[in-house]
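Peer 1: In terms of the numbering used here, the sequence shown opens at residue 20 and continues consecutively.
A virtual CB, placed ideally from N, CA and C, is assigned to each residue, including glycine.
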Amino acid sequence: MRRGVRPTLPVLPAAPAELRAVLLDWWDATRRDLPWRARPGERPDPWAVLTSEVMLQQTTAATVAGRFPAFFARFPSPSALARAELEEVLHAWQGLGYYRRARALHACAQAIETGHGGRVPDDPAALRRLPGLGPYTVAAVAAIAFDRPMVPVDGNVVRVGTRLLGLQLEPGAARTRVAEALAPLGLGPRPGDLAQALMELGALVCRPRGPDCAACPWRDPCRARASGAPDRLPLRPPRKIRPEQTTLAFLVRRADGAVWLRRRPEKGILGGMLELPSSPWGPARTIDEDLAHAPVAAAWEPVVGEVRHVFTHLVLRARLVRARLPEGAAEPRGGGRWFTPAELGRAPLPTLTRNLLRLGGLEPPPPPGRARS
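1. Once DSSP output is grouped into helix, strand and coil, what is the label at L339?
2. Just the C-alpha distance for W45 and P168, rounded to the nearest angstrom, thanks.
3. Run through DSSP, which three-state label would M20 get?
4. Throw me the rounded Cβ distance for the V160 and P95 pair, which I believe falls under 8 angstroms.
5. With a cut-off of 8 angstroms, do at least 3 Cβ pairs link the region 53–70 to the region 228–240?
6. For chain B, is any of its Cβ atoms less than 8 angstroms away from the one on L333?
7. Would you report the Cα separation of A214 and R356, rounded to the nearest angstrom?
8. Using only alpha-carbon positions, find the residue among L115, L252, F91, A92 that is nearest to A81.
9. Enumerated in chain order, which unbroken segments of the alpha helix (DSSP H) with a length of 4 residues or greater are wholly contained in the region 257–326?
10. Name the DSSP bridge partner or partners of W401?
11. Count the other CB atoms within 10 Å of the CB of E104; is the residue buried (16 or more) or exposed (fewer)?
12. Anyone know if the C-beta pair for W237 and L183 falls short of 8 angstroms?
13. Do T181 and A193 have their CB atoms nearer than 8 angstroms?
14. Where are the alpha helix (DSSP H) runs, 4 residues long or more, that stay fully inside the region 37–115, in chain order?
15. Below 8 angstroms on the Cβ atoms is my guess for G151 versus P97; work out the distance and round it to an integer in Å.
16. Taking 7 angstroms as the limit between beta carbons, can you name the residues of its chain near P384, skipping five residues before and five after?
17. Less than 8 angstroms separating the beta-carbons of P296 and W279?
18. Classify V30: buried if its beta carbon has 16 or more other beta carbons within 10 angstroms, exposed otherwise.
19. In the DSSP assignment, what residue or residues form a beta bridge with H125?
20. As an exercise, report each continuous beta strand (DSSP E) stretch of at least 3 residues that is fully enclosed by the region 153–234, in chain order.
21. Would you mind stating whether A393 and R93 have Cβ atoms separated by less than 8 angstroms?
22. Taking DSSP's pairing of strands, which residues face V329 in a bridge?
23. Apart from the five residues just before and just after C225, which ones in its own chain have a Cβ nearer than 7 angstroms to its Cβ?
24. With H, G and I counted as helix, E and B as strand and the rest as coil, what does DSSP make of A130?
25. I need the straight-line Cα distance from W55 to L124, nearest angstrom please.
26. Taking Cβ to Cβ, would you say L204 is nearer than 8 angstroms to L38?
27. Do three or more CB pairs link the region 323–331 to the region 303–313 at distances below 8 angstroms?
28. For R391 and N175, I'd like the C-alpha separation in whole angstroms.
29. Looking at R261: is its Cβ nearer than 8 angstroms to the Cβ of H328?
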């Protein structure tokens with residue numbers, strides 16, 4: 020292909036009106052009842068739509084369904100979230116991971132409060148100016164909450180579109196072409212339902228592996244199904260190997276049971292969240308090298324086992340040592356403070372910290388809205 024020549028726009032295998040009609044019929048018959056989703060005949064709550072879309076980024080619908088009700092009950096409007104302290108928001112976000120999304124949603128609520136009178140704007144251009152909202156989220160909120168003629172393209176929709184169009188491309192390369200090809204579908208009636216139907220089709224039927232073509236409303240026009248191997252598309256990119264890092268965490272307890280925690284830097288992995296003091300994350304070291312980073316002189320007891328935590332771009336293997344300080348001992352170095360058992364229940368603890376506390380024999384209170392098993 021010559022440089023500067025735009026690829027030919029993929030042609031839909033059937034008329035947009037036909038594709039839209041059969042997909043909406045399927046949606047009406049099979050749609051799931053999810054906590055953030057308006058029931059048939061109800062107007063969607065724009066704030067519920069926006070909140071759920073941020074939560075659903077990089078998180079399964081099943082996980083969000085278990086966490087959304089408690090979070091939304093606590094922050095039922097942009098104004099309620101905007102007035103909350105960030106630490107309260109992070110605490111309520113526990114169990115959803117990727118905490119930068121909670122920060123982005125908090126900043127977005129503050130912008131809605133100050134710039135739009137506490138109401139989610141219905142104009143896509145205004146939505147684009149809100150902090151933390153990318154093109155997909157803007158299109159999803161505009162379509163689902165306000166019936167704007169937009170087709171949001173997430174990973175599920177990329178997969179559906181790639182197979183429908185028969186594109187021999189990886190997801191990253193296919194996204195723009197899928198978005199352009201599917202855009203006419205949003206120009207008909209019920210664009211909000213159509214947007215959700217596309218996502219639902221990818222989540223329930225057009226799965227990454229083992230797609231249920233027999234249940235698909237687009238099985239007849241689908242070019243990937245006609246090829247006999249629909250799950251070969253989209254093409255799979257080469258598997259990336261996450262680098263592995265290690266650390267030694269220090270569980271320090273006071274005579275009254277309080278635990279010493281420190282706050283991570285605002286920028287970076289687990290930004291602003293609470294953690295046990297630890298040695299720097301990096302290549303494996305000897306135990307003596309790691310103990311040189313202990314926050315206080317103590318009789319450290321190694322704990323059997325380790326916590327393996329998978330982040331987006333790396334895998335962390337964390338070992339643990341623990342110690343109980345006698346009364347009158349010097350406070351740990353390096354910043355932080357004591358958290359009593361009661362305060363732990365109000366503290367924003369990421370999964371990594373929770374798992375290390377459990378490894379050390381201390382069961383932290385469950386996140387808000389989640390019962391202890």
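Peer 2: So, from the data block:
1. Locating residue 339 in the sequence shown gives position 320, where the first residue counts as 1. L339 falls in the strand class under three-state DSSP.
2. As a working mapping, residue 45 is identified with position 26 in the sequence shown. As a working mapping, residue 168 is identified with position 149 in the sequence shown. So the alpha carbons of these two residues sit roughly 20 angstroms apart.
3. In the sequence shown, the residue the question calls residue 20 occupies position 1. Here the model assigns M20 a pLDDT of 44, short of 50, so the residue's position is not dependable, and the following value carries that caveat. Three-state result, M20: coil.
4. Numbered from 1 along the sequence shown, position 141 holds the residue referred to as residue 160. Numbered from 1 along the sequence shown, position 76 holds the residue referred to as residue 95. Actually they do not touch by this definition, with Cβ atoms about 17 angstroms apart.
5. They do not touch, by the three-pair rule.
6. This model lacks chain B altogether, as it is built from one protein chain only.
7. Indexing the sequence shown from 1 puts residue 214 at position 195. Indexing the sequence shown from 1 puts residue 356 at position 337. Rounded to whole angstroms, A214 to R356 spans 47 angstroms at the Cα level.
8. Working through the sequence shown from its first residue, we reach residue 81 at position 62. Selected option, being the one with the closest Cα: L115.
9. Counting only runs of 4 or more, we get 306–310.
10. The first residue shown for the chain is 20 and the last is 392, placing residue 401 beyond what the model contains.
11. Start at 1 with the first residue of the sequence shown, and residue 104 comes out as number 85. Exposed, by the Cβ-count rule.
12. Along the sequence shown, read from residue 1 onward, the residue named residue 237 stands at position 218. Along the sequence shown, read from residue 1 onward, the residue named residue 183 stands at position 164. For W237 and L183, yes; Cβs fall inside 8 angstroms.
13. Counted from its first residue, the sequence shown places residue 181 at position 162. Counted from its first residue, the sequence shown places residue 193 at position 174. Judged by beta-carbon spacing, A193 lies within the 8 angstroms limit of T181, meaning their Cβ atoms are closer than that value.
14. 65–75, 80–93, 97–102, 105–111
15. In the sequence shown, residue 151 corresponds to position 132, counting from 1. In the sequence shown, residue 97 corresponds to position 78, counting from 1. The pair is not a contact, with the Cβ atoms about 13 angstroms apart (cut-off 8 angstroms).
16. Counting from 1 along the sequence shown, the entry for residue 384 is found at position 365. Counting only Cβ-Cβ distances below 7 angstroms, and skipping sequence neighbours, we find L363, G364.
17. By one-based count along the sequence shown, residue 296 stands at place 277. By one-based count along the sequence shown, residue 279 stands at place 260. A contact, by the Cβ cut-off of 8 angstroms.
18. Counting from one through the sequence shown, the residue named residue 30 turns up at place 11. Label assigned to V30: exposed.
19. Numbered from 1 along the sequence shown, position 106 holds the residue referred to as residue 125. None; H125 has no bridge partner.
20. none
21. Since the first and last residues shown for the chain are 20 and 392, residue 393 lies out of range.
22. Along the sequence shown, read from residue 1 onward, the residue named residue 329 stands at position 310. Under DSSP, V329 forms a beta bridge with V334.
23. On the sequence shown, position 206 is the one that residue 225 refers to. Cβ within range, chain order: R178, V179, R182, C235.
24. Numbered from 1 along the sequence shown, position 111 holds the residue referred to as residue 130. Three-state DSSP puts A130 in a helix.
25. For the purposes of this step, residue 55 is taken as residue 36 along the sequence shown, with counting starting at 1. For the purposes of this step, residue 124 is taken as residue 105 along the sequence shown, with counting starting at 1. Distance between the alpha carbons of W55 and L124: 16 angstroms.
26. To locate residue 204, count along the sequence shown from 1; it is residue 185. To locate residue 38, count along the sequence shown from 1; it is residue 19. In contact: L204 and L38 (Cβ atoms closer than 8 angstroms).
27. no
28. Mapped onto the sequence shown, residue 391 falls at position 372. Mapped onto the sequence shown, residue 175 falls at position 156. Note that R391 has pLDDT 45, beneath the 50 cutoff, so the model's placement of it is unreliable and the number below is only indicative. Rounded to whole angstroms, R391 to N175 spans 32 angstroms at the Cα level.
29. Here residue 261 is taken as the residue at index 242 of the sequence shown, counted from 1. Here residue 328 is taken as the residue at index 309 of the sequence shown, counted from 1. Taking 8 angstroms as the Cβ cut-off, R261 and H328 do not qualify as a contacting pair.
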